[in-house]
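Taken in sequence, the protein lines are chains A and B. Using the working numbering, read the first sequence as starting at 1 and increasing by one per residue. Using the working numbering, read the second sequence as starting at 313 and increasing by one per residue. Don't be surprised by glycine CBs; every beta carbon is placed ideally from N, CA and C. Remarks on the structure that follows.
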Amino acid sequence: MAKTHTQASISNQPPNKKKSSLSEKTKEAISGYIYISPFFILFAIFGLFPILFSFYLGFQSWNGLGEMKFVGLQNFEWILTDPLFWKSLSNTLIMWVLGTLPQLIIGIILAYALNSALIRFKSFFRVSIFMPYVTSTVAVAIVFGIMFNDQDFGLINVILGWFGVDPVSWSTTEWGVKIAISTMVFWRWIGYNTIIYLAGLQAIPNELYEAAKIDGATTRQKIQYITIPMLRPILILTVFTSTIGALQLFTEPLVYIGRTYREEGITVVLYLYREAFVNLAYGPASAAAIILFFIIIVLSAINVFVANRIGK
Amino acid sequence: MSSNVRKKSFTFSKTIVYLLLAIAAFLSIFPLYWMFVMATNHNSAINNVPPAILPGSELVTNFQNVLSTIDFFGAIGNSLIVSTVTTIGVLFLCSLAGFAFAKFHFKGKNVLFVAILVTMMIPPQLGLIPQYIIITKLDWLNDLKAIIVPGMIDAFGIFWMRQYISSNVPDELVDAAKIDGCSNFRVYWNIAVPVIIPAFATLAIIKFMYMWNDFLWPLVVLREESSYTIQIALRGLIDNYVRDNGMILSGTFWATVPLIVVFLLLNRLFIQSLTEGAVKS
């Protein structure tokens with residue numbers, strides 16, 4: 001049936017068959033280029049050019065209005081000798097550890113619990129745990145900002161009071177600010193990671209566990225030799241994305257510590273934003289952006305290296 | 313056999329699992345519930361020890377205060393425009409590009425595709441200042457175009473569409489349509505598009521959420537209140553001298569409700585879309 005149809009359609013147009021098949025190829029190539037061109041045109045204007053220009057700006061002194069002046073490595077020197085930059089960097093790394101590590105560990109535990117075959121109300125639990133992800137970051141930062149109120153009537157302080165803990169000045173102490181911000185990050189992203197781990201767990205074939213059971217494996221052995229190795233690609237993915245996300249932490253600290261840019265909570269991107277759009281120091285801000293870029297590359301590489309060893 | 317397993321596992325470990333999930337569910341929902349409670353209480357109720365944990369009667373008053381502080385509906389409208397237009401644009405451009413990468417032959421195809429993937433590794437803040445300068449030069453400050461047009465670049469979207477089209481749109485169908493004389497665009501529109509609806513749904517959810525929640529870029533380019541998206545407008549609530557927490561949480565609550573309603577309606581699709589993306593990449 002199909003064959004006769006093809007033959008018929010060929011015999012319908014014998015005179016220019018050869019010519020049209022040639023131009024058909026060219027036509028296809030032209031269409032291909034046209035279809036992918038919007039990305040490349042937009043990326044050239046709003047992606048590539050700005051990136052290259054940032055590398056250029058990093059070596060200039062400029063406030064956005066007057067003349068640019070080449071200053072060599074001065075901006076980098078300036079940034080690297082600014083204690084606030086180092087503070088922002090260490091803050092970012094501390095909040096990365098505080099917000100990300102517990103998130104990944106508890107995420108796996110929750111996914112494991114959700115995946116156990118005999119659980120009822122599975123979709124209720126799944127939806128509830130995932131709900132924070134649907135809330136906007138600004139809303140989360142505002143709500144948690146009020147919950148982490150410094151006064152003794154702040155909700156978190158009231159709860160701590162039940163356990164006999166004195167009220168904490170969350171927004172003004174070194175660790176208070178970091179714990180408050182890390183909690184926001186943790187709360188918003190835990191469900192997201194849980195769902196992704198759950199997907200990973202469900203992709204592991206049941207036969208593996210059954211075979212292990214026949215061989216007399218304990219639960220711990222099953223987790224160690226089946227679950228973790230099979231989950232590795234997902235682990236790498238979540239470590240990777242949450243690291244890049246944590247290094248770009250901006251909304252939570254900006255909303256929580258506000259325009260004071262308190263040094264207990266300033267992050268690298270917040271520092272960059274302040275240099276660029278508050279101090280109008282485009283040169284140093286670009287230098288900070290370039291440094292951030294290299295930090296992300298190095299940390300991502302370390303991440304992949306470490307994640308590759310998990311479960312090996 | 314299965315009833316045996318059921319009986320055996322109704323034990324200590326199962327209780328632990330339920331307890332764990334119940335605590336997690338409670339901690340996940342509580343801040344949202346508390347947001348609602350505060351949105352319905354007078355500011356003074358929040359400053360009590362202990363703070364209110366039951367809804368009050370100030371629902372309307374608090375929201376009226378929000379409306380007199382920020383242009384709430386204007387900002388929601390701006391967010392809707394930005395997110396919808398960008399999402400539709402991205403669905404069209406990414407599926408078109410993904411289709412070309414999956415089904416057409418042309419020189420340099422693979423190199424160009426890898427180039428797109430590489431752009432995903434670059435942190436968006438790297439080009440922030442020059443991007444801002446470009447927007448200023450284009451005279452797009454305070455214009456929603458400043459968010460929409462750069463938002464159309466979506467490397468993940470192209471990657472996602474290419475994968476989906478490769479494995480779900482059969483080559484034979486494309487060839488047959490061509491033999492019947494369909495133009496390339498018609499093949500895309502009539503053959504590929506109907507098949508990739510699920511991929512559209514997934515990408516639409518991800519993109520819409522991302523645009524709706526974006527904060528840094530709108531903060532940089534939207535300086536006038538009339539152009540604020542809801543995220544920027546919400547921040548305006550806490551910049552007041554008098555901190556009226558009832559009013560502030562009323563604003564965040566009403567800005568969150570639409571997202572949660574949409575999520576609850578689409579939650580199957582939503583969670584499925586996330587896991588699809590995770591497992592395949």
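Along the region 275 to 300 of chain A, the positions whose C-beta sits under 7 Å from a C-beta of chain B are 276, 277, 282, 285, 286, 289, 292, 293 and 296, read in chain order. In terms of Cα proximity to residue 389/B, the closest of 544/B, 407/B and 513/B is 544/B. Only those residues of the region 135 to 146 of chain A whose C-beta falls short of 8 Å from the nearest C-beta of chain B are listed: 135, 136, 137, 138, 139, 140, 142, 143, 144, 145 and 146. Taking 7 Å as the CB threshold, residue 443/B lines the interface with chain A. At least one C-beta of chain A is nearer than 7 Å to the C-beta of residue 525/B.
Taking C-alpha positions only, residue 337/B is separated from residue 104/A by approximately 17 Å. Unbroken alpha helix (DSSP H) runs of no fewer than 4 residues, entirely contained in the region 485 to 547 of chain B, are found at 509 to 525 and 528 to 533, following chain order.
Residue 33/A reaches chain B at 418, counting residues in chain order whose Cβ is nearer than 7 Å. Here residue 287/A is near residue 58/A, since their CB atoms are less than 7 Å apart. Each residue's CA atom was taken as its position, placing residue 525/B and residue 588/B some 22 Å apart. With a threshold of 7 Å between beta carbons, residue 28/A makes contact with chain B. Here residue 182/A is buried. Its C-beta has 16 or more other C-beta atoms within 10 Å.
Per the C-alpha coordinates, the member of 252/A, 43/A, 80/A and 116/A positioned closest to residue 328/B is 116/A.
In the structure shown, the three-state DSSP call for residue 60/A is strand. In the structure shown, residue 69/A adopts extended strand secondary structure according to DSSP, grouped into three states.
Straight through space, the alpha carbons of residue 90/A and residue 173/A are spaced by roughly 15 Å. The beta carbon of residue 409/B sits closer than 7 Å to some beta carbon of chain A. For the C-beta of residue 462/B, the chain A residues within less than 9 Å are, from N- to C-terminus, 42, 45, 46 and 47. With respect to residue 292/A, residue 270/A sits apart: the two C-beta atoms are not nearer than 7 Å. Its chain contains 407, 473, 476, 477, 480 and 481 as the residues whose beta carbon lies nearer than 8 Å to that of residue 508/B, once the 5 sequence neighbours on both sides are disregarded; these appear in chain order. Any Cβ of chain B closer than 7 Å to the Cβ of residue 235/A would place that residue at the interface, and such an atom is absent. In its chain, beyond the 5 residues on either side, 374, 377 and 378 have a beta carbon closer than 6 Å to the beta carbon of residue 559/B.
The C-alpha of residue 53/A lies about 6 Å from the C-alpha of residue 442/B.
The continuous stretches of alpha helix (DSSP H) do not include residue 433/B, and DSSP gives it neither H nor E. By the Cβ neighbour-count rule, residue 120/A is exposed, with fewer than 16 other Cβ atoms within 10 Å of its own. Taking every protein chain shown into account, the CB of residue 214/A has fewer than 16 other CB atoms within 10 angstroms, so this residue is exposed. Of all alpha-carbon atoms in 71/A, 42/A and 200/A, the one lying nearest the alpha-carbon of residue 56/A is that of 71/A. In the three-state scheme derived from DSSP, where H, G and I count as helix and E and B as strand, residue 420/B is classed as coil. For residue 113/A, the neighbours in chain B by C-beta distance under 9 Å run, in chain order, 328, 329, 330, 332, 333 and 336. About 41 Å separates the Cβ atoms of residue 387/B and residue 503/B, ruling out a contact at the 8 Å cut-off. Leaving aside the five residues that flank residue 402/B on each side, the residues in its chain whose CB is nearer than 8 Å to its CB run, in chain order, 463, 464, 466, 469, 515 and 519. Among the residues facing chain B, residue 269/A is included, as its CB has a counterpart in that chain under 7 Å away. The C-beta of residue 199/A comes closer than 7 Å to at least one C-beta of chain B.
With a threshold of 7 Å between beta carbons, residue 127/A makes contact with chain B.
Within chain A, 128, 129, 131, 132 and 191 have C-beta atoms less than 7 Å from the C-beta of residue 340/B, given in sequence order. Between residue 296/A and residue 435/B, the gap from beta carbon to beta carbon is short of 7 Å.
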